[in-house]
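This report concerns only the one structure given below.
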Amino acid sequence: MSTVASEKLIPSASLILVNERNEVLLVQRSSQTRSFAGMHVFPGGNFDAGRDTSLAITAIRETFEETGLLLTSPKSPRTLSKSDLDWTRRAVHHQELDFQTFLLRHKCVLPLESLHHFTTWITPSYASRRFRTQFFISFLPTCLEGDPSGASIGRVPTTDGGEEVQSTCFVHPRVAIAEFKKGSIKLAPPQYYILETLRQLLPGDTNTPEERERLIQLSQGPFGRLVIQPRLYHDSVSGAKIFLYEGDELRGGPVGRLHRAIVKQSGMFFSEIDLQRNFNIFEVDVSEASEAPATKL
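If you use the working numbering, the sequence shown corresponds to residues 13 to 309, in order.
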């Protein structure tokens, strides 16, 4: 945990949605947003104590506001039309309608049990605005309001008119990584880290029960509980910028253990990210490694 008081960190949540084709939902932030402007990220936003009772609800609410997709439990009565949902989305987004009031009015039950922890990230200490972001992973098809059959995604994700999101898409992790390496999309290290993890675990184009179970197993182990607060180092030889993650040999981990990302930046964007991680993420709890004193690379 950071030595900076936790109350100075802005609590937030982000939702990783995986569909039946092993694609994940990404949104491109508007150039006008304060955080991740122009970058592709998973939908999400800040916890609002006046509207949310948990970070899981934050993740679902923000996904609804940003993409129009509302995750609900099969127990919910499926009565909302597309026009109703579109109006509700705008009203909730502009805080003209309380999200909890909307859920109660329409007896919508949120599938909170289907959201699984998938690491927590703390903004590096040098940043002026710092967040503690809980990532959740969930799988489609979960019932999505606006889909009468409940058998498929139903609603297509759409932007919020450009206020915070300028594009939305479902994309396979391997494609997202390839597009980043070509310079077609912009990613930040946390999103790259998660996409690279999913690329390795979801190789095919059809999501299987075994793959879902394996990701849930990962969520329930040390990886799901992992809190990552990158520490930035500069390699005096190569000039590379390196984000050291928990458990790396230069952060108190065993000699030879790598848990880091070597990055290059072009202006405000990352042009290259090379994730180096050489341990079993299902078994090794890197959070148990003690911090080493500052080390010059």
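Backbone N, C-alpha and C fix where the C-beta goes; we use that ideal spot for every residue, glycine too.
Discussion item. When you compare the CB positions of H246 and D260, do they come within less than 8 Å of one another, or not?
Written reply: no
Practice prompt. Assign E125 to one of three DSSP states: helix, strand, or coil.
Written response: helix
Fill in: Cβ shell of N219 (< 8 Å), same chain only, five flanking positions each side left out
V30, N31, E32, R33, N34, F151
Worksheet item: Taking Cβ positions, are Q178 and S26 nearer each other than 8 Å?
Response: no
Worksheet entry | Continuous alpha helix (DSSP H) assignments of at least 4 residues falling wholly in the region 180-236 | 185-194, 201-213, 221-232
Discussion item. Between I197 and chain C, is any beta-carbon pair separated by less than 8 Å?
Written reply: Checking the listed chains, one finds no chain C in this structure; it contains a single protein chain.
Worksheet item: Where does the unbroken alpha helix (DSSP H) through S95 begin, and where does it stop?
Response: 94-105
Discussion item. If you follow the alpha helix (DSSP H) that R269 is in, where does it begin and where does it stop?
Written reply: Careful: R269 lies outside any alpha helix (DSSP H) and carries neither H nor E.
Worksheet item: In chain order, what residues of the same chain lie with their CB nearer than 8 Å to the CB of I189, ignoring the 5 residues before and after it?
Response: Y204, L207, E208, R211
Item to complete: Could you tell me how far apart the beta carbons of A273 and M51 are, in whole angstroms, since I believe they sit closer than 8 Å?
Response: Not confirmed; about 15 Å, so no contact.
Worksheet item: Using DSSP with H/G/I as helix, E/B as strand and the rest coil, what is V168?
Response: coil
Worksheet item: Straight-line CA distance for G264 to V296?
Response: 14 Å
Worksheet item: Among L287, K194, V53, which one has its Cα closest to the Cα of E74?
Response: V53
Discussion item. Taking only three categories from DSSP, how would you classify K20?
Written reply: helix
Worksheet entry | S24 beta carbon less than 8 Å from that of F59 | yes
Worksheet entry | Which of helix, strand or coil DSSP assigns to Q44 | coil
Discussion item. Spatial neighbours of F143 within its chain, please: C-beta separation below 7 Å, excluding the five flanking residues on both sides.
Written reply: L21, I22, S24, T135
Discussion item. At the level of alpha carbons, what is the spacing between Q277 and S88?
Written reply: 46 Å
Worksheet item: Nearest to L122 by CA position, among T100, S66, K94, A139, is which residue?
Response: S66
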